[in-house]
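K.L.:
2 protein chains.
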Amino acid sequence: MLTALFLKGRLRHDLNEEERSALENAVARTIEIRPRTTLVERGKLIEHSYYLVEGTMLRHIDDRRGERQLVAVHIPGDFVDLHGYAMKRLDHDVGSLTRATLAQISHRKITELIDAYPHLGRALWFSTLLDAAMHREWIFGLGRLNAEGRIAHLIAELIERLRLVELYDGRVLPIPLLQRDYAEACGITPVHANRSFRTLRERGALRPCGEGRIEILDEALIRRLGEFDGSYLYGTGELALRTLHDR
Amino acid sequence: MLTALFLKGRLRHDLNEEERSALENAVARTIEIRPRTTLVERGKLIEHSYYLVEGTMLRHIDDRRGERQLVAVHIPGDFVDLHGYAMKRLDHDVGSLTRATLAQISHRKITELIDAYPHLGRALWFSTLLDAAMHREWIFGLGRLNAEGRIAHLIAELIERLRLVELYDGRVLPIPLLQRDYAEACGITPVHANRSFRTLRERGALRPCGEGRIEILDEALIRRLGEFDGSYLYGTGELALRTLHDR
DNA sequence: TGCCCCTTCTAATCTAGGTGATTGAGAAGC
DNA sequence: GCTTCTCAATCACCTAGATTAGAAGGGGCA
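Going down the list, the protein sequences come from chains E and Y.
All letters in the first sequence, in the order written, are residues 7 to 253 by my numbering.
All letters in the second sequence, in the order written, are residues 7 to 253 by my numbering.
1. Between the Cα of D99(Y) and the Cα atoms of S133(Y), M63(Y), G155(Y), F132(Y), which residue gives the shortest distance?
2. Would R48(E) and D97(E) be called neighbours here (beta carbons separated by less than 8 Å)?
3. What are the complete beta strand (DSSP E) segments, minimum 3 residues, inside the region 42-75 of chain E?
4. Counting C-beta neighbours from all protein chains within 10 Å, is the total for K50(E) 16 or more, i.e. buried, or is it exposed?
5. Under 8 Å, Cβ to Cβ, is there at least one residue of chain Y near L245(E)?
6. For the alpha helix (DSSP H) containing I120(E), list its first residue and its last residue.
7. Going along the chain, which residues of its own chain have a beta-carbon closer than 8 Å to the beta-carbon of T195(E), five neighbours each way excluded?
8. I'd like to know whether the C-beta atoms of V46(Y) and L8(Y) end up nearer to each other than 8 Å.
9. Quick test of the definition: if touching needs 3 or more C-beta pairs under 8 Å, does the region 218-226 of chain Y touch the region 171-181 of chain Y?
10. Among T107(Y), T44(Y), R230(Y), G155(Y), which has the Cα closest to the Cα of F203(Y)?
11. I'd like to know if V197(E) contacts chain Y, where contact means its C-beta is closer than 8 Å to some C-beta of that chain.
12. Taking the C-alpha atoms as reference points, what is the distance between G90(Y) and S55(Y)?
13. Fully enclosed by the region 101-179 of chain Y, which beta strand (DSSP E) runs are 3 residues long or longer?
14. Which chain Y residues sit within Cβ distance under 7 Å of A139(E)?
15. Going by Cα to Cα distance, which pick from R16(Y), Q185(Y), R70(Y) is closest to R150(E)?
16. Could you check what DSSP says for L17(Y) in three-state terms: helix, strand or coil?
17. With C-beta atoms as the reference, is A122(E) less than 8 Å away from A28(E)?
18. Note down the Cα distance separating R209(Y) from L227(Y), rounded to an integer number of angstroms.
19. What does L227(Y) pair with, by DSSP beta-bridge criteria?
20. Count the other CB atoms within 10 Å of the CB of R213(Y); is the residue buried (16 or more) or exposed (fewer)?
21. Which residues in chain Y have a C-beta closer than 7 Å to the C-beta of M121(E)? List them in chain order.
22. Report the residue from W144(Y), L164(Y), A32(Y), E233(Y) whose alpha carbon sits nearest the alpha carbon of C192(Y).
23. Measuring alpha carbon to alpha carbon, tell me which of G216(E), L170(E), I157(E), Q75(E) ends up nearest F234(E).
24. Do you know how far the Cα of I161(E) is from the Cα of G15(E)?
25. Using CA coordinates, which residue listed in G147(E), L231(E), R167(E) is at the minimum distance from E73(Y)?
26. Keeping to the same chain, check which residues put their C-beta closer than 8 Å to that of H141(Y); ignore five residues upstream and five downstream.
27. For a cutoff of 8 Å on Cβ pairs, would you count G176(E) as touching chain Y?
28. Just the C-alpha distance for Q75(Y) and D187(Y), rounded to the nearest angstrom, thanks.
29. With DSSP collapsed to three states, give me the class of A246(E).
30. Please list the terminal residues of the continuous alpha helix (DSSP H) segment that includes P196(Y).
31. Since G61(Y) and L11(Y) are thought to touch, with beta carbons under 8 Å apart, how far apart are those beta carbons, to the nearest angstrom?
32. With burial defined as no fewer than 16 other Cβ atoms inside 10 Å of the residue's Cβ, what is the status of T134(Y): buried or exposed?
33. For the beta strand (DSSP E) containing R213(E), list its first residue and its last residue.
34. Quick one: measure Cβ to Cβ for Q289(E) and I37(E), integer angstroms, because I've assumed they're closer than 8 Å.
35. Helix, strand or coil: how does DSSP classify H80(Y) here?
36. On the DSSP letters alone, give me the boundaries of the beta strand (DSSP E) that E221(E) sits inside.
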């Protein structure tokens with residue numbers, strides 16, 4: 007079932023059997039994409055959206071000088087450009103970090119889905135708002151935390167999100183971001199990202215474990231340094247959707 | 007007509023007469039709120055959303071130490087917490103900057119609207135995604151621009167958005183943000199915000215003109231310093247919705 | 001085997017921005 | 001008339017992070 011992780015990670019709304027299978031059946035085909043490849047280009051008119059089945063994808067804004075700012079990291083279970091459904095053109099690029107498998111759904115099909123299942127429509131809407139909530143948290147981190155805190159926050163968020171889709175083994179962060187990528191996400195230079203990783207290592211928070219992956223040694227410490235409170239992910243905690251939505 | 011500015015500033019989708027009046031009639035009542043007052047508190051279960059008719063509203067995330075990070079500035083025509091419809095609880099606070107008038111719409115009513123007019127539903131969805139696009143641009147600014155650039159970017163964005171709802175007279179920014187507010191938005195200290203305003207003044211970009219308002223002397227310069235390209239607002243330019251949506 | 005990349009890691013130097021403190025203007029209260 | 005706010009404006013000093021340069025290690029490939 008392709009959309010199983012989407013249901014786990016993103017849709018906090020109860021879907022009934024009919025809605026689930028309608029969503030699953032909306033997938034036209036799956037595609038494979040190589041590492042570090044652009045999937046959706048800023049400004050291009052789009053007619054499909056992609057749901058990430060396997061791998062890691064990145065969203066980024068590039069400026070004139072070729073500097074890049076990451077604005078999102080996507081893990082399996084994320085609908086990487088569902089907002090493209092309502093926007094028709096994106097204000098940023100979407101590309102792969104690793105080799106990735108994506109399920110393609112056409113916008114026409116999404117319209118049919120929403121018209122037939124309004125409750126599912128609201129659930130899809132919710133899933134795009136989750137990205138906005140992550141953006142806000144990222145703004146907070148960039149505005150209020152120092153370099154080490156920003157990196158810690160990003161790692162803490164990724165751990166939490168991976169846990170929601172049951173892809174975190176409690177030890178290794180299975181996302182091969184380079185220090186350069188962390189720098190592009192956190193608004194710092196690669197050199198300073200390296201310094202920050204060193205202090206995180208020296209504090210015993212984590213250590214590299216080959217192929218760009220890191221081993222988490224003290225998650226509580228990482229959360230504290232990143233002032234991380236995962237409730238904005240609406241998975242658990244005070245913000246989680248405990249009320250059933252009006253169907 | 008209460009929702010006239012919403013149509014101008016936020017909904018890029020063509021709405022027909024029926025949809026327009028359905029939206030207008032969904033308003034239960036309007037409320038007034040005093041300056042610097044909290045409207046929606048983080049974490050509280052909500053059943054209404056508010057559309058801003060007059061005044062300026064702010065959204066912010068506060069951390070333990072009492073530090074505040076602004077994540078959005080809202081002008082008339084914005085649906086300040088429409089995302090609360092799909093999320094039920096907000097991950098941040100919403101409050102007023104000035105005295106403000108808001109139109110209240112219940113979530114039950116919004117559900118009815120969407121079920122009856124799916125196309126209007128997609129337009130409302132789009133409007134919340136516009137906030138996400140602004141968040142991304144804000145992330146870009148915080149990550150890649152220096153203090154002066156961040157302030158310039160914020161001012162350029164506000165000008166552009168005010169222009170879309172025809173509230174900008176070409177001279178004065180009618181939003182009385184304090185330097186402290188700019189600091190809280192841009193992730194810098196008030197002292198440094200002041201320094202940055204001085205350099206902007208010395209460059210001839212703007213000057214204060216009483217009651218917290220600023221007079222724009224050289225908009226082109228402000229845009230350049232803030233590396234501002236307003237297409238992410240989807241109002242004009244390459245990203246603007248030129249295709250009609252499937253109804 | 002050796003070479004070339006790419007990445008991590010480090011050190012030395014410089015600057016943007018933080019910290020803390022002071023001053024003055026204007027408005028609100030009495 | 002006074003005090004008491006708040007906010008803009010500025011100074012002196014200090015630190016986090018940028019910049020530049022380079023060394024060391026591993027994988028792919030001829």
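A virtual CB, placed ideally from N, CA and C, is assigned to each residue, including glycine.
P.N.:
From the atom records:
1. As a first step, residue 99(Y) must be located in the second sequence, where it is residue number 93. Taking only the C-alpha atoms, the option nearest D99(Y) is M63(Y).
2. By one-based count along the first sequence, residue 48(E) stands at place 42. By one-based count along the first sequence, residue 97(E) stands at place 91. The answer is yes: Cβ separation under 8 Å.
3. 44-46, 54-60, 63-68
4. Residue numbering aside, residue 50(E) sits at position 44 when the first sequence is read from its first letter. Flag for K50(E) reads exposed.
5. Position 239 of the first sequence holds residue 245(E). True, the Cβ-Cβ gap to chain Y drops below 8 Å.
6. Numbered from its first residue, the first sequence carries residue 120(E) at position 114. Residues 113-122.
7. By 1-based counting over the first sequence, the position of residue 195(E) is 189. For T195(E), where only same-chain residues beyond five positions count, the Cβ hits under 8 Å are A189.
8. Locating residue 46(Y) in the second sequence gives position 40, counting from the first residue. Locating residue 8(Y) in the second sequence gives position 2, counting from the first residue. It is not a contact, given that the beta carbons lie outside the stated cut-off.
9. yes
10. Mapped onto the second sequence, residue 203(Y) falls at position 197. The shortest Cα separation from F203(Y) among T107(Y), T44(Y), R230(Y), G155(Y) belongs to G155(Y).
11. Against the first sequence, residue 197(E) aligns to sequence position 191. No, V197(E) does not count as interfacial toward chain Y.
12. Numbered from its first residue, the second sequence carries residue 90(Y) at position 84. Numbered from its first residue, the second sequence carries residue 55(Y) at position 49. Straight-line Cα distance between these residues: approximately 7 Å.
13. 106-112
14. As a first step, residue 139(E) is located in the first sequence; it is residue number 133 there, counting from the start. Those within 7 Å of A139(E) in chain Y are D97.
15. Along the first sequence, one-based indexing puts residue 150(E) at 144. Selected option, being the one with the closest Cα: R70(Y).
16. Taking the first residue of the second sequence as 1, we reach residue 17(Y) at position 11. It is coil, neither helix nor strand.
17. On the first sequence, position 116 is the one that residue 122(E) refers to. On the first sequence, position 22 is the one that residue 28(E) refers to. Going by C-beta atoms, A122(E) is nearer than 8 Å to A28(E).
18. Counted from its first residue, the second sequence places residue 209(Y) at position 203. Counted from its first residue, the second sequence places residue 227(Y) at position 221. Computed Cα separation, rounded: 9 Å.
19. Here residue 227(Y) refers to the residue found at position 221 of the second sequence. Paired residue(s): none; L227(Y) is not in a bridge.
20. Here residue 213(Y) corresponds to residue number 207 of the second sequence, with the count starting at 1. Its Cβ having fewer than 16 others within 10 Å, R213(Y) is exposed.
21. Numbered from its first residue, the first sequence carries residue 121(E) at position 115. One point to set straight first is that residue 121(E) is Asp, not Met, in the sequence displayed. Ordered by position in chain Y, the residues that pass the 7 Å Cβ test against D121(E) are P124.
22. Here residue 192(Y) is taken as the residue at index 186 of the second sequence, counted from 1. Nearest of W144(Y), L164(Y), A32(Y), E233(Y) to C192(Y), Cα basis: W144(Y).
23. For the purposes of this step, residue 234(E) is identified with residue 228 of the first sequence, where counting begins at 1. Considering only alpha carbons, the answer is I157(E).
24. To locate residue 15(E), count along the first sequence from 1; it is residue 9. To locate residue 161(E), count along the first sequence from 1; it is residue 155. Cα to Cα, G15(E) sits roughly 17 Å from I161(E).
25. Translated into the one-based positions of the second sequence, residue 73(Y) becomes position 67. For the residues G147(E), L231(E), R167(E), the minimum Cα distance to E73(Y) belongs to G147(E).
26. In the second sequence, the residue the question calls residue 141(Y) occupies position 135. Answer for H141(Y): V77, A78, listed in chain order.
27. Counting from 1 along the first sequence, the entry for residue 176(E) is found at position 170. False, the Cβ-Cβ gap to chain Y never drops below 8 Å.
28. Here residue 75(Y) is taken as the residue at index 69 of the second sequence, counted from 1. Here residue 187(Y) is taken as the residue at index 181 of the second sequence, counted from 1. Near 9 Å, if we compare the C-alpha coordinates of D187(Y) and Q75(Y).
29. As a working mapping, residue 246(E) is identified with position 240 in the first sequence. It is coil, neither helix nor strand.
30. As a position in the second sequence, residue 196(Y) is number 190, starting the count at 1. That run of the alpha helix (DSSP H) goes 196-208.
31. Numbered from its first residue, the second sequence carries residue 61(Y) at position 55. Numbered from its first residue, the second sequence carries residue 11(Y) at position 5. The Cβ separation is near 12 Å, so there is no contact.
32. Residue numbering aside, residue 134(Y) sits at position 128 when the second sequence is read from its first letter. With 16 or more other Cβ atoms within 10 Å, it is buried.
33. The sequence position of residue 213(E) within the first sequence is 207, counting from 1. First-last of the beta strand (DSSP E) with R213(E): 212-214.
34. Lying outside 7 to 253, the shown extent of chain E, residue 289(E) is not represented and no answer is given.
35. As a working mapping, residue 80(Y) is identified with position 74 in the second sequence. It is a strand residue.
36. As a first step, residue 221(E) must be located in the first sequence, where it is residue number 215. Counting along the chain, the beta strand (DSSP E) containing E221(E) begins and ends at 220-222.
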